[in-house]
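Presented below is the structure to which this report refers.
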Amino acid sequence: MAHPPPSARPTRVAIVGGGCAGMTAAFELSRPEHAGRFEVTVYQMGFRLGGKGASGRGVGARIEEHGLHVWMGFYENAFRLMRACYQELDRDRFRCPIASWRDAFEPAPFVSVTEQNARGEWEPWLAHFPASKGLPGDPLDEDNPFTMRSYLSKAAALVVELLRSAAGVPGQASAETSSLVERIEWLLRHGQLATAAALAEAMELVRAALTLLPEALTALREQALRLLDAVAQAARKQLAMLTQGDRSLRLTFQVVDLVLAVIKGSLVHGLLLSPDGFDVIDRHDWREWLGMHGASKESLDSGFMRGIYDLAFAYVDGDPARPSLSAAAALRGAMRMFFTYRGALFWRMRAGMGDVVFAPLYELLVRRGVRFEFFHRLRELELSPDATHVRAMHFDVQARCERYQPLVDVHGLPCWPAHADYGQLEDGARLQRDGVQLESPFETRIAGERTLEVGRDFDLVVLALGGGAVPGVARQLIAHAPAWQAMERGLHTVATQAFQLWLREDMRTLGYSHPAGNLSGWVEPFDTWADMTHLIPAEDCTSDVRAIAYFCSPLPDDGSQDELAQRATVRANAVHFMEQELAALWPEVRDAQGFRWDVLAVEPGQQVGAGSQRFDSQFWTANVRPSERYALTLPGTARDRLSPLDMSFDNLTVAGDWTASGLNTGCVESAVISGRLAAHALSGHPALHEIIGYDHP
8 MAHPPPSARP
18 TRVAIVGGGC
28 AGMTAAFELS
38 RPEHAGRFEV
48 TVYQMGFRLG
58 GKGASGRGVG
68 ARIEEHGLHV
78 WMGFYENAFR
88 LMRACYQELD
98 RDRFRCPIAS
108 WRDAFEPAPF
118 VSVTEQNARG
128 EWEPWLAHFP
138 ASKGLPGDPL
148 DEDNPFTMRS
158 YLSKAAALVV
168 ELLRSAAGVP
178 GQASAETSSL
188 VERIEWLLRH
198 GQLATAAALA
208 EAMELVRAAL
218 TLLPEALTAL
228 REQALRLLDA
238 VAQAARKQLA
248 MLTQGDRSLR
258 LTFQVVDLVL
268 AVIKGSLVHG
278 LLLSPDGFDV
288 IDRHDWREWL
298 GMHGASKESL
308 DSGFMRGIYD
318 LAFAYVDGDP
328 ARPSLSAAAA
338 LRGAMRMFFT
348 YRGALFWRMR
358 AGMGDVVFAP
368 LYELLVRRGV
378 RFEFFHRLRE
388 LELSPDATHV
398 RAMHFDVQAR
408 CERYQPLVDV
418 HGLPCWPAHA
428 DYGQLEDGAR
438 LQRDGVQLES
448 PFETRIAGER
458 TLEVGRDFDL
468 VVLALGGGAV
478 PGVARQLIAH
488 APAWQAMERG
498 LHTVATQAFQ
508 LWLREDMRTL
518 GYSHPAGNLS
528 GWVEPFDTWA
538 DMTHLIPAED
548 CTSDVRAIAY
558 FCSPLPDDGS
568 QDELAQRATV
578 RANAVHFMEQ
588 ELAALWPEVR
598 DAQGFRWDVL
608 AVEPGQQVGA
618 GSQRFDSQFW
628 TANVRPSERY
638 ALTLPGTARD
648 RLSPLDMSFD
658 NLTVAGDWTA
668 SGLNTGCVES
678 AVISGRLAAH
688 ALSGHPALHE
698 IIGYDHP
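Counting with the numbering used here, you get residues 8 to 704 for the letters of the sequence shown.
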């Protein structure tokens, strides 16, 4: 560290950015186990925490999100964070409706993708993922499931299960490994792989081979690849015959086809033995890599595959014609998603993400002594003359107040409002009257400036801004450090769009008869939606709300920083989508005159017109600000990511889902892992082996 503090005082840590990564770093550095070793201050633009996960309460206490937020059952680090937070916070369950992590999250086992039928109509394909052993965040009570051998063994077992299900035959005992070579050779010479049952038997041998120690598997590699090719060829013949047949069976064979390509590609590229793990295939696009190893065009164009790209907003410049996703990140994410989830594949929150995640974290950290400086927008990081450390940080102070109290009460639950409390701000009435945008990096009206200096105001810095905002504040760092220059070249982000509907009729009345769940792989401009009706009790709507729905997708990027124009674009996209596409899922939302605009619930006091103007009572957003943009994981960019452990400047680390987290995707788990890594870089804690699933070299 450039300026070690005197031993008589704690080390002062400035965390810039209050999203998932920044709050995780603050949580770790303020743990009681550190015995006050660190004095932590979080500097936050605007009036609320959360980054891309920020939410607010609007009219009728309606929850307003940046987009659709659900957690996955493999988010071990994120769930451990929240479980520890709620346990230490120890809310009174008789006063607060969300007092524990189980109050905050509930399983969401239903997932859908869409396919077009022979008439060109979109139909959802619903999958129910059964509950698995344990809960996310429980201690791991078995061999480490986050290994390539475990992943591939489970992938092969999935193929066996799907094939046996298709054949209608019961499971069988695992193949004996003592005669594995002979049995594979016999099947290759004499096996008739013309039925699903025979394919299942062959895949059972592959699965058995994948459980062997690396040395033994190496000796079997060629036979296993030959058998895989034979199974894949036979499976694709059956897939071709099913093109116009049983739809469910056809989708089953598409999944089989894709998983076979995964297993083969993993063996061909040596992922079991490579010290670089998944990153060996980072230079390939996900679809390209699967196609290299035999996946059929039909499978590559399936709703299942589109859903994976949609989940990662994986479209360059938000253009649906330009899908692009690192094969390494996609494979790692898919393996963890399907083979390491606990409790449920997805978990949904019982209130807004701001209410469930960031309000309790804020309350706990304040209790621990962490300071929060709201309305501080970082303008520039200044290096020392020798370019070894951060000498100063320059902020725009957007508004002044004594000590801002950010939360409001909704049915006993501490929540973030959708707008600042101007009554707490100096000259707040004028700020509100003039429409000063306190969360916008493009706002030029400020209350003043503030410079923090190393040794006087801080010792260490955690730069935890969203990836899109980093290059704009780190020009000096980029100029002096090759690693930061590579980061700038490799960092690609995309704007996103979202809208939410509050409806006066329930989903069944609207014609959607499937269980509530998440759906992806649909049409643009909104390819993903979720039934969020379960949030009605958490709000305070006085209108007759029977259902809530969230929609999101990438926003095609024209480089504009005109937020009003981009919001107008999202509104036009949403209205067009509702008029032209939504009836494919909700048939009863239209009548002879078109979309039934009166189905939208309007709160008292909302002034709206007739027809499509009624949409103005709902919520929509264009996430075009640099800190709101989603960090893409494009092929060949993993090596360009900055690691929180690699401190190019000796008093600065980084945190965020755009960094090298080992997961390298834009999600809560990546951000939490990164925040834990940043804390480790500064304090040595948590130990790296305690960061679940961190497998980056």
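We put the beta carbon where it would ideally sit given N, CA and C, even for glycine. Here the structure is a predicted model, which is why all the values come from computation and not from measurement.
Handout entry: Straight-line gap, L195 to L232 (C-alpha atoms, nearest Å)
Key = Any reading at L195 must be qualified, since the residue scores a pLDDT of 49, below 50, and its modelled position is unreliable; no value is offered.
Practice task
Can you tell me which of P104, D308, F101 and A21 puts its alpha carbon nearest to the alpha carbon of Q123?
Solution key: D308
Handout entry: CB contact flag (Y637, T500, <8 Å)
Key = T500 is positioned such that its CB atom lies closer than 8 Å to that of Y637.
Handout entry: Limits of the unbroken beta strand (DSSP E) element including A92
Key = Here residue 92 turns out to be Cys, not Ala, going by the sequence shown. Where C92 is concerned, there is no enclosing beta strand (DSSP E), although the alpha helix (DSSP H) it sits in stretches over E83 to L96.
Problem - Of the residues G57, E72 and F311, the one placed nearest R64, counting alpha carbons only - result: Checking every option, the nearest Cα to that of R64 belongs to E72.
Handout entry: Nearest candidate by alpha-carbon position, reference A608, set A581, V552, R632 and Y369
Key = V552
Exercise for the section: Quick one: give me the first and last residue of the alpha helix (DSSP H) that A678 is part of. Expected result: That run of the alpha helix (DSSP H) goes V675 to S690.
Handout entry: Environment of L258 [buried if 16+ CB atoms lie within 10 Å]
Key = buried
Problem - Buried or exposed (CB count within 10 angstroms, at least 16 for buried), E46 - result: Result: buried.
Problem - Given A337 as reference, the closest of A425, R329 and T640 once Cα atoms are compared - result: Just measuring C-alpha positions, the residue of A425, R329 and T640 sitting nearest A337 is T640.
Problem - Reduced DSSP secondary structure (H/G/I, E/B, other) of W593 - result: coil
Practice task
Taking the CB atoms as reference points, tell me whether L385 and Y50 lie closer together than 8 Å.
Solution key: Against a cut-off of 8 Å, the Cβ pair of Y50 and L385 comes out as a contact.
Practice task
Return the bridge partner residues of D538 from the DSSP annotation.
Solution key: A556
Handout entry: Where M494 sits in the DSSP three-state scheme
Key = helix
Practice task
Decide if R683 is buried, meaning its Cβ has at least 16 other Cβ atoms within 10 Å, or exposed.
Solution key: buried
Practice task
Starting from the C-beta of S185, find all residues in its chain whose C-beta is less than 6 Å away, skip the five residues before and the five after it, and write them out in chain order.
Solution key: Low local confidence applies: a pLDDT of 44 at S185 is under 50, so the model's placement there is unreliable, with the coordinate-based value given in what follows. Hits under 6 Å: none found.
Practice task
Could you check what DSSP says for S634 in three-state terms: helix, strand or coil?
Solution key: helix
Problem - Candidates W509, W604, E570 and R378, of which the one nearest F558 by Cα - result: W509
Practice task
Could you tell me which of D362, A366, G298 and F353 sits nearest to A334, measuring between CA atoms?
Solution key: Looking only at D362, A366, G298 and F353, the smallest Cα-Cα distance to A334 is reached by G298.
Handout entry: Buried versus exposed call for L265 [16 or more other C-beta atoms within 10 Å across all chains shown]
Key = buried
Exercise for the section: Measure the alpha-carbon distance for V167 versus A115 and round it to whole angstroms. Expected result: 26 Å
Problem - Contact under 8 Å by Cβ, L56 with G25 - result: yes
Practice task
Mind the definition here: the region 490 to 497 touches the region 271 to 279 only if three or more C-beta pairs lie below 8 Å; say whether that holds.
Solution key: no
Exercise for the section: List the residues that DSSP assigns as beta-bridge partners of W132. Expected result: V120
Exercise for the section: Starting from the N-terminal side, write out each stretch of the alpha helix (DSSP H) that is 4 residues or longer and does not extend beyond the region 343 to 404. Expected result: 366 to 375
Practice task
Report the partner residues of Q507 according to the DSSP bridge assignment.
Solution key: Y557 and F626
Exercise for the section: Please classify R55: does DSSP put it in a helix, a strand, or coil? Expected result: coil
Problem - Sheet register partners of R457 (DSSP bridge) - result: DSSP lists F402 as partners of R457.
Exercise for the section: Flag this pair as yes or no: are the beta carbons of A319 and G673 separated by less than 8 Å? Expected result: yes
Exercise for the section: Enumerate in chain order the residues of its own chain whose CB-to-CB distance from A617 is below 8 Å, with the five nearest sequence positions on each side excluded. Expected result: W604
Exercise for the section: Tell me, please, whether the region 447 to 466 touches the region 398 to 417 by the rule of three or more beta-carbon pairs shorter than 8 Å. Expected result: yes
Problem - Exposure of K271, with buried meaning 16 or more beta-carbon neighbours within 10 Å - result: buried
Exercise for the section: Starting from D709, trace the beta strand (DSSP E) both ways and give me its first and last residue. Expected result: Past the boundaries of the shown model lies residue 709; the chain is included only from 8 to 704, so the question cannot be answered.
Problem - Rounded C-alpha distance that separates P561 from Q261 - result: 26 Å
Exercise for the section: May I ask you to list the residues that DSSP assigns as paired with Y50? Expected result: V23 and E380
Exercise for the section: Confirm, please, whether the CB-CB distance from G700 to E35 is below 8 Å. Expected result: no
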